[in-house]
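Reading through the structure tokens given below for one structure.
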Amino acid sequence: MAEPTFISNEEPKDLEADARDSIEATDTYEYNKDSSEDVEETASAENHEFNRGDGLKADGDLAIEEYEANQHKCFKVKAFFCIVGMIVGVVFCFYELGDDRKVNQTLAIAIWMATLWLTEAIPLVVTAFLPIVLFPLFGIVSSKAITAQYANNTIFLFISGFLMALTLQRWNLHRRFSLKLLTWCGVRPQLLLLGIMGGTFFLSMFVSNTATSLMMVPNALSICRSVEESTPNHRGNQESRRFSTAIFLGIAYAANVGGMASLLGTPPNLVFQKQLALIFPEAPEMTFATWLGFGLPISLIMSFFIWAYLSVMYLRNLDMGSVDRDLFKNQYEALGPWTREQVIVATLFTLEALLWVFRKDLEFENATIKGWSNLFPEPSAIADATVGMGIAILLFIWPGDGKNMAGDAPGYESEDVTPGDRTTLLDWKTANTMPYDIVFLFGGGFALAKAFVESGLSAFLGEELKGFDSLSTPGLVFVVVFIIIWLTELTSNTATSNIMIPIAASLAIALETNPYTLMIPVTFACSCAFALPIATPPNMVVFSTGRVPLREMNKGGLVLNMISSVVLLMGAFTFIPWVLKEDATSFPEWAKTTAL
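As structure tokens, then:
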């Protein structure tokens, strides 16, 4: 594939515009299969002169006609799958699965929704609205109960996390953090890769993986151009291509894995938190600090293997002496001194993280650190969303100076703000750029899980899945995780988690094994998408730069999918039970009280 450089580091807004043409700012998107061909055409245009006449216009008309024909064909395929899903659902409505007709009806609706989610026959968020209509009509769940799933504690925790992420972008802190990290790494290729992956990993713990990859790509382009411009015949230089491939794959993969580390990092983590509380009311609360305890080491181990693989495959015997050692230092110094707004936002960001970590008691072998929630009359009434929304409200109130805003602040053009304009750290125009569709997608998944419980479908599936009892628990975890890792290459990770986490819970109950041992690895598996550009937005962002050949992403993804399966299996029997103080194979008392 041609290697265009159609994105300028001096104009990062162009990158975001190009990426957003094919990617929604969520964990779901639509992919145009001809995008790689479009990239090649863009590159070839750089080396040709065109007469702006009728011939060019005719070529443009042909391109438009071809595009419209492809869109029409795509519409037909989506309509076909929509109808097939509906027919399969109707068949299951009349096929006797249990004594209660609600089991059949819920399964039929779930199959139809799964088909629509997997094929994107209609927008994902529209599919998420189906439970509001269908479950009350069939008498499975009341309208009041089902709509409550679209505005619960978990959803507001997600909203608060995204508001903080937008604030970091608004005041250019994301760029300051990433460039500072790169100044510490030197110019050795392995260390540069480690620095870029480290910055991406950290940001992805708190910012959506799509936004993180969009933030990091301009920095990566600066590095790659420095290598190319210092190398003779840089366009055809094999070493610069190898380096570029490693850097951009590192960004995509670190953005995906970094989200696994914290509860806020990626939607499947929050889906797990909500569904655990829904299915097992007596289960201990999954807090930000608890998740960090096992999520961080597992994701760090996975990141190490990714870094090692990319270093061995692409960076061996690579000479990087030509890279200007002051490149990142100069870019960082160009940001100027810390502004008052940056100091305040960084302080509030740190405060929010500390309040999440120390909200509940932290128990160690010989000591217990009391949580700050004990200072209030009802500690159990306080949740992570309480902290998140409290900090978000402060962001809307705290004053700031508009002249210190980033030039590409979300929701703003440069002419919207003039020096001296008074504003706040976050305003509603910026907040309104948040992807509300993913919020409703969350709700659709929670509503589906609610119907699984209320109808008895989860219990029925658990009984049917008892056939897996011939496998050992480690064997079962590996098989389930391996299947889901490959499934999420083709589907939205949020949709996959909404479907598979309740099934994993049902399987754990049926086999009387610890639900954590199945549900948490399944949650992590939904974020392990490495092989295809369409698998996840970060993959598409780096692929759209033209710096990553498709075959290299495929090859790396095949290896890393296998490594991920092994790492998650290891984590299920080491870090997870150790942090949660649970036996990995025993059936805990809290799991015996279930809503199924």
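UniProt numbering puts the last residue of the sequence shown at 596; the count rises by one with no breaks. Using N, Cα and C, we set each Cβ at its ideal position, and we do this for glycine too. In this text the structure is predicted, and so the values were computed from the model without any measurement.
query: Given 8 Å as the limit, is there contact between the region 292-307 and the region 262-269, that is, 3 or more CB pairs closer than that?
result: Between the region 292-307 and the region 262-269 there are three or more inter-stretch CB-CB distances shorter than 8 Å, so the stretches are counted as touching.
- prompt: How would you write the range of the beta strand (DSSP E) that Gly371 sits in, first residue to last?
  reply: Position 371 of the sequence shown, counted from the start, is the residue given in the question as residue 371. For Gly371, no beta strand (DSSP E) segment is defined, and its DSSP state is neither H nor E.
message: Please report the distance separating the alpha-carbon of Leu580 from that of Thr115.
response: Position 580 of the sequence shown, counted from the first residue, corresponds to residue 580. Position 115 of the sequence shown, counted from the first residue, corresponds to residue 115. In this model, Leu580 and Thr115 are separated by some 35 Å (Cα to Cα).
task: Would you grab the beta carbon distance between Val141 and Glu454 for me? Rounded to a whole angstrom, and I think it's under 8 Å.
output: The residue labelled residue 141 in the question sits at position 141 within the sequence shown. The residue labelled residue 454 in the question sits at position 454 within the sequence shown. Contact flag correct, Cβ pair sits at about 5 Å.
- request: Mind checking who Leu362 pairs with in its DSSP beta bridge?
  value: Position 362 of the sequence shown, counted from the start, is the residue given in the question as residue 362. Bridge pairing for Leu362: Ile369 [DSSP].
- request: Give the secondary structure of Asp401 by DSSP, where H, G and I count as helix, E and B as strand, and everything else as coil.
  value: For the purposes of this step, residue 401 is taken as residue 401 along the sequence shown, with counting starting at 1. Reduced to three states, the DSSP call for Asp401 is strand.
Alpha-carbon to alpha-carbon, Met519 and Ala449: Working through the sequence shown from its first residue, we reach residue 449 at position 449. Working through the sequence shown from its first residue, we reach residue 519 at position 519. Cα to Cα, Ala449 sits roughly 14 Å from Met519.
- prompt: Under the DSSP definition of a beta bridge, which residues are partnered with Thr423?
  reply: As a first step, residue 423 is located in the sequence shown; it is residue number 423 there, counting from the start. Paired residue(s): Gly400.
- request: Identify, in the order they occur along the chain, each residue of the same chain with its Cβ nearer than 7 Å to the Cβ of Thr106, setting aside the five sequence neighbours on each side.
  value: As a first step, residue 106 must be located in the sequence shown, where it is residue number 106. Closer than 7 Å at Cβ, skipping near neighbours: Ile140, Ala451, Phe452, Ser455, Leu457.
message: Does the contact criterion of 3 or more C-beta pairs under 8 Å hold for the region 475-495 versus the region 241-252?
response: The region 475-495 makes no contact with the region 241-252, as fewer than three CB pairs between them are under 8 Å.
- prompt: Would a C-beta distance cut-off of 9 Å place Leu157 and Thr430 closer than the cut-off?
  reply: The sequence position of residue 157 within the sequence shown is 157, counting from 1. The sequence position of residue 430 within the sequence shown is 430, counting from 1. Going by C-beta atoms, Leu157 is not nearer than 9 Å to Thr430.
Cβ pair Thr517, Thr488 closer than 9 Å: To locate residue 517, count along the sequence shown from 1; it is residue 517. To locate residue 488, count along the sequence shown from 1; it is residue 488. At a Cβ-Cβ threshold of 9 Å, Thr517 and Thr488 do not count as neighbours.
task: For Thr210, count neighbouring Cβ atoms within 10 angstroms of its own Cβ and tell me buried if that reaches 16, exposed if not.
output: Position 210 of the sequence shown holds residue 210. Within 10 angstroms of the beta-carbon of Thr210 lie 16 or more other beta-carbons, which makes it buried.
field: Val343 classed as buried or exposed, judged by whether at least 16 other C-beta atoms fall within 10 angstroms
entry: The count along the sequence shown starts at 1 and reaches residue 343 at position 343. When all chains shown are included, Val343 counts as exposed.
query: Where does Asn207 fall in DSSP's three states?
result: Here residue 207 corresponds to residue number 207 of the sequence shown, with the count starting at 1. With the sequence shown as reference, residue 207 is identified as Val, and Asn is not the correct amino acid for it. Three-state result, Val207: coil.
query: Between the C-alpha atoms of Gly557 and Gly259, what's the straight-line distance to the nearest angstrom?
result: By one-based count along the sequence shown, residue 557 stands at place 557. By one-based count along the sequence shown, residue 259 stands at place 259. Using only the alpha carbons, I get a separation of about 18 Å.
- request: Identify which residue in Leu179, Thr245, Asn153 has its Cα closest to the Cα of Gly546.
  value: One-based indexing of the sequence shown puts residue 546 at position 546. The residue with the shortest Cα to Cα distance from Gly546 is Thr245.
task: State whether the region 536-543 contacts the region 276-288, with contact taken as three or more CB pairs (one from each stretch) at a distance under 8 Å.
output: No contact exists between the region 536-543 and the region 276-288.
- request: Would you mind sorting Glu341 into buried or exposed? The rule is 16 or more other CB atoms within 10 Å of its CB.
  value: The residue given as residue 341 occupies position 341 in the sequence shown. When all chains shown are included, Glu341 counts as buried.
Length at least 4, wholly inside the region 547-583: the alpha helix (DSSP H) runs in chain order: Fully enclosed alpha helix (DSSP H) runs of 4 or longer: 550-572, 575-580.
task: May I ask which residues mark the beginning and end of the alpha helix (DSSP H) holding Met540?
output: To locate residue 540, count along the sequence shown from 1; it is residue 540. Under the DSSP assignment, Met540 falls in the alpha helix (DSSP H) whose first and last residues are 537-543.
query: Where does Pro268 sit, in a helix, a strand or coil, going by DSSP?
result: Within the sequence shown, numbered from 1, the residue matching residue 268 stands at position 268. In the structure shown, the three-state DSSP call for Pro268 is helix.
- prompt: Terminal residues of the continuous alpha helix (DSSP H) containing Met313?
  reply: Locating residue 313 in the sequence shown gives position 313, counting from the first residue. That run of the alpha helix (DSSP H) goes 288-314.
query: Which ranges would you report for the alpha helix (DSSP H) in the region 434-461 if only whole runs of at least 4 residues count?
result: Counting whole runs of 4 or more residues, the region 434-461 contains the alpha helix (DSSP H) stretches 436-455.
message: With the cut-off set at 9 Å, would you say Ser497 and Val257 are in Cβ contact?
response: Translated into the one-based positions of the sequence shown, residue 497 becomes position 497. Translated into the one-based positions of the sequence shown, residue 257 becomes position 257. No. Outside cutoff.
- request: Would you give the residue range spanned by the alpha helix (DSSP H) that Gln238 belongs to?
  value: In the sequence shown, the residue the question calls residue 238 occupies position 238. Judged by DSSP secondary structure, Gln238 falls within the alpha helix (DSSP H) whose first and last residues are 238-258.
task: For Ala447, I'd like the list of residues in its chain whose CB is within less than 6 Å of its CB, leaving aside the five on either flank, ordered along the chain.
output: Position 447 of the sequence shown, counting from 1, holds the residue named residue 447. Apart from sequence neighbours up to five positions away, the residues of its chain that approach Ala447 with a beta-carbon distance below 6 Å are Pro131, Ile146, Gln149, ordered along the chain.
query: According to DSSP, is Thr494 helix, strand or coil?
result: Reading the sequence shown from its first residue, position 494 is the one you call residue 494. The answer is helix: DSSP assigns Thr494 an H, G or I state.
query: Just the Cα atoms here: how many angstroms apart are Phe573 and Phe524?
result: As a first step, residue 573 must be located in the sequence shown, where it is residue number 573. As a first step, residue 524 must be located in the sequence shown, where it is residue number 524. Cα-Cα distance, rounded: 14 Å.
Ala25, DSSP secondary structure in three states: For this step, residue 25 is matched to residue 25 along the sequence shown. Its pLDDT being 37, under 50, Ala25 is placed unreliably by the model, and the measurement read from it follows with that caveat. Under the three-state reduction of DSSP output, Ala25 falls in the coil class, being neither helix nor strand.
message: Here's a check: name, in chain order, each residue in its chain whose Cβ is nearer than 7 Å to the Cβ of Thr287, leaving out the five neighbours to either side.
response: Within the sequence shown, residue 287 is the residue found at index 287, counting from 1. Apart from sequence neighbours up to five positions away, the residues of its chain that approach Thr287 with a beta-carbon distance below 7 Å are Arg359, Lys360, Asp384, ordered along the chain.
- prompt: Would you call the CB atoms of Ile563 and Phe201 closer than 9 Å?
  reply: Locating residue 563 in the sequence shown gives position 563, where the first residue counts as 1. Locating residue 201 in the sequence shown gives position 201, where the first residue counts as 1. Contact: no.
field: Neighbour-count burial assignment, Ser238, 16 or more Cβ in a 10 Å radius
entry: As a working mapping, residue 238 is identified with position 238 in the sequence shown. Per the sequence shown, the amino acid found at residue 238 is Gln instead of Ser. The residue is exposed, with fewer than 16 neighbouring Cβ atoms inside 10 Å.
task: Using 10 angstroms around the beta-carbon of Phe135, count the other beta-carbons present and answer buried if the total reaches 16, otherwise exposed.
output: Residue 135 sits at position 135 when you count from the first residue of the sequence shown. So Phe135 counts as buried.
query: In whole angstroms, what is the alpha-carbon distance linking Ser240 and Gly85?
result: Here residue 240 refers to the residue found at position 240 when the sequence shown is read from its first residue. Here residue 85 refers to the residue found at position 85 when the sequence shown is read from its first residue. For Ser240 and Gly85, the distance between alpha carbons rounds to 47 Å.
task: Measure from the alpha carbon of Cys185 to the alpha carbon of each residue in Gly195, Arg176, Ile111, then state which is nearest.
output: As a position in the sequence shown, residue 185 is number 185, starting the count at 1. Per the Cα distances, Gly195.
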